[in-house]
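Heads up: the structure comes next, in structure tokens.
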Amino acid sequence: MPTVPASSARADDVGSQLNILPMDGWQQLVDCAGRLGIDDLQQQLLKILDAKRGNQISDDGLRQQMKDSASRVCQLLSPLSNLVEADHDELLTHVRDALATIVGLNDSTGVTNTGRNKLLDLQSQRLPKWGMYAEATRVKAGKRSGADDALSNLRGHAAEVCNHQALHDDVCLFCDLLADHAILIETECRDYKIQRGLVDFTDLETLFLEALSGDQLPSLVKKDFSLVMVDEFQDTNPLQLAIFQAIRRIAPRHRWVGDPKQAIFGFRGTDPDLVARVWQQYSESELPPLPDNRRSQKGLVQFVGTVFEPIFGEDAKQNPVNDRSDRNIERWLLNAKNQEGDAEALVAGIRKLQDEGHRLGDMVVLERSNAGVQKLAEKLEQRGVDYLFETAGLLSTREGVLTLAGMRLVLDRSDSLAAATIKHFLSSPDEATPTWIVDRLTQRAADREADRKAVEQGTDRFRVWRQPWQDDSDLLRLEQIDRKTSSPHSVCELVMEALQLPSRIASWGNVAQRASNLDSTLKHVASYEEKMLSAGQAATLGGAILHLEELAAADDDIKYPPLGHNAVTIMTYHKSKGLQWPVVILSGLNSDRGPNMWQPSVGGGGEDATDPLAGRTIRAWSWPFGMSDSRPPKRRTGTTLDADAVASLEGVQQAADEVAENLRLLYVGCTRAESKLVFAHRKGTDRWLQRLPDIDSVLPIDGEPGEYVIDGIDTTYVLRHLQAPESDDEVPSDQATTWFASDPSDSDLAFGSRFHSPSQVESDSSEQRPFALTELPGGSHFPESLSPEDYATFGDAVHAYMAALPSLADVDETRKTTIAERCLSAYSMDGQLAASVLVAIGDRFVGWVTQTYPGATWRVEIPATTACSSGGDWNGTLDLLLELPSGEVVVVDHKSAPIKRSHCEAKAQQYAAQLDAYDEMLAALGRTVVSRWIHFPLAGVVAELQSPSG
68 MPTVPASSAR
78 ADDVGSQLNI
88 LPMDGWQQLV
98 DCAGRLGIDD
108 LQQQLLKILD
118 AKRGNQISDD
128 GLRQQMKDSA
138 SRVCQLLSPL
148 SNLVEADHDE
158 LLTHVRDALA
168 TIVGLNDSTG
178 VTNTGRNKLL
188 DLQSQRLPKW
198 GMYAEATRVK
208 AGKRSGADDA
218 LSNLRGHAAE
228 VCNHQALHDD
238 VCLFCDLLAD
248 HAILIETECR
258 DYKIQRGLVD
268 FTDLETLFLE
278 ALSGDQLPSL
288 VKKDFSLVMV
298 DEFQDTNPLQ
308 LAIFQAIRRI
318 APRHRWVGDP
328 KQAIFGFRGT
338 DPDLVARVWQ
348 QYSESELPPL
358 PDNRRSQKGL
368 VQFVGTVFEP
378 IFGEDAKQNP
388 VNDRSDRNIE
398 RWLLNAKNQE
408 GDAEALVAGI
418 RKLQDEGHRL
428 GDMVVLERSN
438 AGVQKLAEKL
448 EQRGVDYLFE
458 TAGLLSTREG
468 VLTLAGMRLV
478 LDRSDSLAAA
488 TIKHFLSSPD
498 EATPTWIVDR
508 LTQRAADREA
518 DRKAVEQGTD
528 RFRVWRQPWQ
538 DDSDLLRLEQ
548 IDRKTSSPHS
558 VCELVMEALQ
568 LPSRIASWGN
578 VAQRASNLDS
588 TLKHVASYEE
598 KMLSAGQAAT
608 LGGAILHLEE
618 LAAADDDIKY
628 PPLGHNAVTI
638 MTYHKSKGLQ
648 WPVVILSGLN
658 SDRGPNMWQP
668 SVGGGGEDAT
678 DPLAGRTIRA
688 WSWPFGMSDS
698 RPPKRRTGTT
708 LDADAVASLE
718 GVQQAADEVA
728 ENLRLLYVGC
738 TRAESKLVFA
748 HRKGTDRWLQ
758 RLPDIDSVLP
768 IDGEPGEYVI
778 DGIDTTYVLR
788 HLQAPESDDE
798 VPSDQATTWF
808 ASDPSDSDLA
818 FGSRFHSPSQ
828 VESDSSEQRP
838 FALTELPGGS
848 HFPESLSPED
858 YATFGDAVHA
868 YMAALPSLAD
878 VDETRKTTIA
888 ERCLSAYSMD
898 GQLAASVLVA
908 IGDRFVGWVT
918 QTYPGATWRV
928 EIPATTACSS
938 GGDWNGTLDL
948 LLELPSGEVV
958 VVDHKSAPIK
968 RSHCEAKAQQ
978 YAAQLDAYDE
988 MLAALGRTVV
998 SRWIHFPLAG
1008 VVAELQSPSG
């Protein structure tokens, strides 16, 4: 029977193992969760348990509040309570009837095929019970054939799901069982810990609070402590708030320091509203402000006070202590189309600041999400800009692979894969076939010959076994490491020395980060040893290797940054709290999330400052229709429940709370800067920043790039337009990290790029090239609802189908539709364009090629590398090459992103240089190009680049 364990460290570790506590009725809870499509049952239990313990909610209180939560969800499902009894078999009957009708219609259109597949899914009952109803309301089919009409009864029946008595019963039962099991876990875990003398962190807080209400500890505190101070008070959780209130009544003197405007850790269980209600019960004389700002330049302090005054009132204003200076505020408008372009443009801005004399080590870029930080880190690395960021991938680096292979070989000298890995990574990259492979194959052949002769002579049982690469100079020092008397950490250090990694990395580039990677590996091994020690277990070399492998599998093999290095810091807004930098660049300014009503939250309390936990309540609404199969999973649509929840009083309040916390987070970002604050975003994509009502009037963006005076603020404002760098230039030589002295004679040499991509060549905007446009039949298809940020991804999906066209020449419509669906689904573009439309787009292009160039042979996605007349090599891929019977060729390049027909001619001008590059490449390969085309699939336009003669 499934079980839930206790923890000796943290409350949320309670469910990390399932091997201690038997749970009566667990299967009933699992079954109910299955009908509701709840696949994170453990997580929900732990969240309820954590909320109960952290807010001192009683067992009876939890049971009642879970009942109230279930009742509220039922009210949202069916406000009029028009409940009906319905048999689930009736839904399946409607599914079978609709499927039989549609199959008999012989309708092979894309929408009908999709609908048929959804009906088959419903018939298989692989979805959760109530999720099936939500999915059934969304099934569609072709209208002309009558297939869609066949779905009317099914959709009508499924639409009544919110009024089903059985659904309401499941919601109530699940909440009741969830409360019972949370209480059971808490009780059994408490007994388990008492029997073994264990406590977790929440126990420490709870027991301390209990002790403060007794007689002995208060007298000791009053006697031994004349002053109690609390810093960052706004980040205290409810239980800590109760502790501080108890201490406040005891300590002779106390000082609490905090800034309510910086309360940003609601996701950790803090409650700014609770803290505010407690603080409001004290007089202003008890809460004196700290008005002076000693961190930032005068203009920055005035700016923050001006733009945040509508949000926080007079509390947003501070007295600047530092003197004024110019150019303290900047706004970067990024000329980009997606997040990758944003990151490229940010790198360009960082380079500009670097050119103006700002050190990389003085800069930080704040992103809203870890994904944004990761994307920026990739671009900084590509552009050769040093950065500080904790990223995964330590054990995939050269030094990480070598260290782990060395530890494996020390553990098991017969590990031939580890030995081969070391030989491979230490071999010369200039060898076509590394010497070690030849030596190894020669040795293996000799061993097999010796085995054969030994068998023939009957002496095979006397053969002496040889280790892989015995007496090899690269492995000899590893053989001398004694794993039996050395700790895993010592073995790891000895392996690095035996492989001479500290000296080898000097020739591998990026030395500071590689040296830090060696330290990071040692840090992970040390953490493993500490973990084993705290658990009372032995730390072994095999266990350390397994620990490192598990870290790599979970993307937790962190590469810690080389601290002290002159590099730009990148991190999230939340992690920046309490820190400061001379230059702060705020990115991710378009983030503006709506409320999630389907995770447990705690509110109330604070009416009595002496007992802030009195009146705390849990709201735990359970989403009853499961999650979709998309990546990442989303709540299954098909009902109005989610929208109704957001529109409810609770939803409006939670939305307001989240907006307020997001504004506090933005305030934290703005107040990290000492001398320069930068807002970086694309024009029109700054929804989060627009929460500041005066931002565009204080920092206007409609003017030309340049420096402006700001009325009433003692600094100037710089507006920049930024785009991705045109080439992969290295860091300026005067600011690049230098590890060895360079030859002065080389200082004036200029080096161009080794490879050039035709698709990255920019056309001369001053030169208009003649294009002849042809509109293909069928009209244009422009996804109006698609966000511009997704244009490139959508284009990739369409491009993938275009590349598949030659292989679809002899397949039927159904197969084409399936391929189109896969192309759209692979890029998460389902629903943005019907698969049947994509098939029609492909068919009309095939028809045009067949009519214009009869007998041509299609060659798609052709990689080509040739010499470039301006130096270096062309390195690119041709979308489509049509080989004519005469031996001549036609070049066609697909531009698959959304575009309207009226814009095609201007857009084609941007790609003239790309077609010229293909001309040069094919000429170098001895091919004659007779025609060059740009194809806009969605617009239904082909544009031919005319020759100079016309």
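Here our numbering = 1-based position in the sequence shown + 67. We put the beta carbon where it would ideally sit given N, CA and C, even for glycine.
Margin query: With distance defined between alpha-carbon atoms, name the residue in Val477, Glu407, Leu469, Asp382 nearest to Leu447.
Written below: Glu407
Next item on the list: Give me the Cα-Cα distance between Asp815 and Gln421, rounded to the nearest whole angstrom.
Entry: Bear in mind that a pLDDT of 44 at Asp815, under 50, signals an unreliable position, so the number given afterwards is only what the model happens to contain. Near 21 Å, if we compare the C-alpha coordinates of Gln421 and Asp815.
Next item on the list: State the Cα-Cα distance for the pair Ala867 and Gly909, rounded to the nearest angstrom.
Entry: Cα to Cα, Ala867 sits roughly 11 Å from Gly909.
Notebook entry, point to check: CB-CB under 7 Å to Leu589, same chain, minus the five flanking residues each way: which ones, in chain order?
Noted result: His556, Cys559, Glu560
Check: Do Ala226 and Asp215 come within 7 Å of each other at the CB atom, strictly closer than that value?
Finding: The answer is no: Cβ separation not under 7 Å.
Next item on the list: Taking only runs that begin and end inside the segment 615-653, name each unbroken alpha helix (DSSP H) of 4 or more residues, in chain order.
Entry: 640-643
Notebook entry, point to check: Looking at the unbroken alpha helix (DSSP H) that takes in Pro930, where does it start and where does it end?
Noted result: First-last for Pro930: 924-934, but that is the beta strand (DSSP E), not the alpha helix (DSSP H).
Checklist line | Met296 - partner residues in DSSP beta bridges | finding: DSSP lists Arg322 as partners of Met296.
Check: Going by beta carbon distance, what residues of the same chain come within less than 7 Å of Phe300, once the five residues before and after it are set aside?
Finding: Trp323, Val324, Gly325
Checklist line | Contact check, Phe861 vs Leu872, beta carbons under 7 Å | finding: no
Check: With DSSP run on the structure shown, which of helix, strand or coil describes Asp586?
Finding: helix
Check: Looking at Gly718 and Pro662, is the spacing between their C-beta atoms short of 7 Å?
Finding: Pro662 places its beta carbon less than 7 Å from that of Gly718.
Note to self: Short of 6 Å in beta carbon distance, which residues of its chain neighbour Ala201, apart from the five on each side in sequence? Order them along the chain.
What the structure shows: Once the five neighbours on either side are set aside, the close Cβ partners of Ala201 are Phe692, Arg703, Gly705, Thr706.
Notebook entry, point to check: Looking only at C-alpha atoms, which of Ile685, Pro844, Val959 sits nearest to Leu112?
Noted result: Nearest C-alpha to Leu112 among Ile685, Pro844, Val959: Ile685.
Check: In or out: His788 buried (at least 16 other Cβ within 10 Å) or exposed?
Finding: exposed
Notebook entry, point to check: Pick from Thr738, Arg754, Thr995, Val713: whose alpha carbon is nearest that of Gln364?
Noted result: Thr738
Check: For the ligand MN, is there a heavy atom less than 6 Å away from the beta-carbon of Phe370?
Finding: The ligand MN is absent from the structure shown, which contains no ligand whatsoever.
Margin query: Just to confirm before moving on: does the CB-CB distance between Glu950 and Thr924 stay below 7 Å?
Written below: yes
Notebook entry, point to check: If we count the other Cβ atoms within 10 Å of its Cβ and call it buried at 16 or more, is Thr636 buried or exposed?
Noted result: Counting the other CB atoms within 10 Å of its CB gives Thr636 a total of 16 or more, which places it among the buried residues.
Note to self: Measuring CB atoms only, is the segment 461-477 touching the segment 433-442, in the sense that at least three cross pairs come out at less than 8 Å?
What the structure shows: no
Check: Where Ser276 and Val431 are concerned, what is the direct C-alpha to C-alpha distance, given to the nearest angstrom?
Finding: It is Leu, not Ser, that sits at residue 276 in the sequence shown. Each residue's Cα considered, the two are about 40 Å apart.
Check: Met769 by DSSP, collapsed to three states: which one?
Finding: This sequence places Asp at residue 769; Met is not what is there. Residue state, collapsed to three classes: coil.
Notebook entry, point to check: Quick one: what does DSSP say Met694 is sitting in, helix, strand or coil?
Noted result: strand
Margin query: Which of the three DSSP states is assigned to Glu407 in this structure?
Written below: helix
Next item on the list: Go to Val170, then tell me how far its beta strand (DSSP E) extends in each direction, as first and last residue.
Entry: Careful: Val170 lies outside any beta strand (DSSP E), inside the alpha helix (DSSP H) at 155-172.
Check: So Arg999 is in the beta strand (DSSP E); what residue range does that whole segment cover?
Finding: 996-1003
Notebook entry, point to check: Beta carbon of Leu608, beta carbon of Leu461: below 7 Å?
Noted result: no
Check: Tell me, which residues are paired with Ala747 by DSSP?
Finding: Trp399
Notebook entry, point to check: Can the beta-carbon of Glu272 be found closer than 7 Å to that of Leu306?
Noted result: Yes, these two residues count as a Cβ contact at 7 Å.
Check: With DSSP run on the structure shown, which of helix, strand or coil describes Ile548?
Finding: Coil at Ile548, not helix or strand.
Note to self: DSSP three-state label for Gly861, please.
What the structure shows: Reading the sequence as shown, one finds Phe at residue 861 and not Gly. DSSP places Phe861 in helix when its eight states are reduced to three.
Next item on the list: Would you decide whether Trp690 is buried or exposed? Buried here means 16 or more other CB atoms lie within 10 Å of its CB.
Entry: Only buried fits Trp690, as 16 or more other CB atoms lie within 10 angstroms of its CB.
Margin query: Closer than 8 Å is the cut-off here; do at least three beta carbon pairs connect the segment 968-977 with the segment 836-848?
Written below: yes
Next item on the list: Taking only the alpha-carbon atoms, compute the straight-line gap between Glu255 and Val238 and give it to the nearest angstrom.
Entry: Looking at the two C-alpha atoms, the distance is approximately 26 Å.
Checklist line | Ile105 to Ser483 span [Cα, whole Å] | finding: 46 Å
Note to self: So, with DSSP's three-state summary, where would you put Ala1006?
What the structure shows: coil
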